[in-house]
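Novice:
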Amino acid sequence: MIRQGMVGITPTDTYPALICDISNKEAVKKLYELKGASPKKTMSILVRNMTDISEYTEGFPVSHVPGQTSFFKVAKKILPGPFTLILGASKSLPKQIIDFEAGKSKKRKTVGVRLVDHAVCQELLNRLDRPVLCSSAILPDDRMDTGHASSIPDVGTMCDYYGSLLGFIIDVEDDAWDGVDHGEPSTILDLSDGHVTIVRRGRGDVSWLEDGSTAS
């Protein structure tokens, strides 16, 4: 279905995610329409493994902080997990569509990558054999003042909200959402400039960063 250009929803280790084929411009356009997002808004990718991160990004930069553990070692400690890591984008990453009407595209300088700790999502990616573009499937009425979701919407609610543009939803048992029922997003860490910047606090624990230790 993804190869055919459909947009669907998969569970992750945080919010469920809207996903589509990263290389299919029509599918990408459809995902943006479902989100009601500006085409200039960048979205992250769900990856299968560290090899995908190496292919679609410029890799982990050398830290500019003397004595700090290498970013690659940190990533190995916290992934798979509820983190989005912002890294420099490689030439392998399809261009970001910035004007749907004119069909104009532009190479992205950075990209957020997610290697999730969720068996169903990882099995989907392994069967597809490539990463997917993703964005959290949060309904406007479920947002709290913090911007986080108050709850995970059920399958019926998501079907009604997204309508015919949605191609499929991967449903799972309730216990597959264990630990994410409070609606916490991923923690976003920007590593693209050789420093660690906390862009958004979420489910991923960053106490190791704030107390100056490593993610061990």
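Start counting the sequence shown at 23; every next residue gets the next number (our numbering). Even glycine gets a Cβ: it sits at the ideal position worked out from N, Cα and C.
With DSSP run on the structure shown, which of helix, strand or coil describes L231?
Specialist: helix
Novice: Quick check on this structure: which residue in E80, I24, V50 and G27 has the alpha carbon closest to the alpha carbon of S157?
Specialist: V50
Novice: Report the rounded CA-to-CA distance for S112 versus K126, giving the unit in angstroms.
Specialist: Each residue's alpha carbon lies about 19 angstroms from the other.
Novice: Within 10 angstroms of the Cβ of Q118, are there 16 or more other Cβ atoms? Answer buried if so, exposed if not.
Specialist: buried
Novice: Using C-beta distances below 6 angstroms, list every residue in its chain close to G134, excluding the 5 sequence neighbours before and after it, in chain order.
Specialist: These residues qualify, in order along the chain: S66, T106 and I108.
Novice: Rounding to the nearest angstrom, what Cα-Cα distance links R152 and D74 in this structure?
Specialist: 8 angstroms
Novice: Sort out for me which residues DSSP pairs S76 with in a bridge.
Specialist: In DSSP, S76 forms no bridge with anything.
Novice: Identify every residue that forms a DSSP beta bridge with L56.
Specialist: Bridge partners of L56: none, in fact.
Novice: Give the secondary structure of I31 by DSSP, where H, G and I count as helix, E and B as strand, and everything else as coil.
Specialist: strand
Novice: Hey, I191 and V177: beta-carbon distance below 8 angstroms or not?
Specialist: yes
Novice: Per DSSP, V133 is paired with what?
Specialist: Paired residues: L109.
Novice: Look at the Cβ atom of L187, then the Cβ atom of K52, and state whether they are nearer than 8 angstroms.
Specialist: yes
Novice: So what's K62 in DSSP terms, helix, strand or just coil?
Specialist: DSSP places K62 in coil when its eight states are reduced to three.
Novice: So what does DSSP say about L68, is it helix, strand or coil?
Specialist: strand
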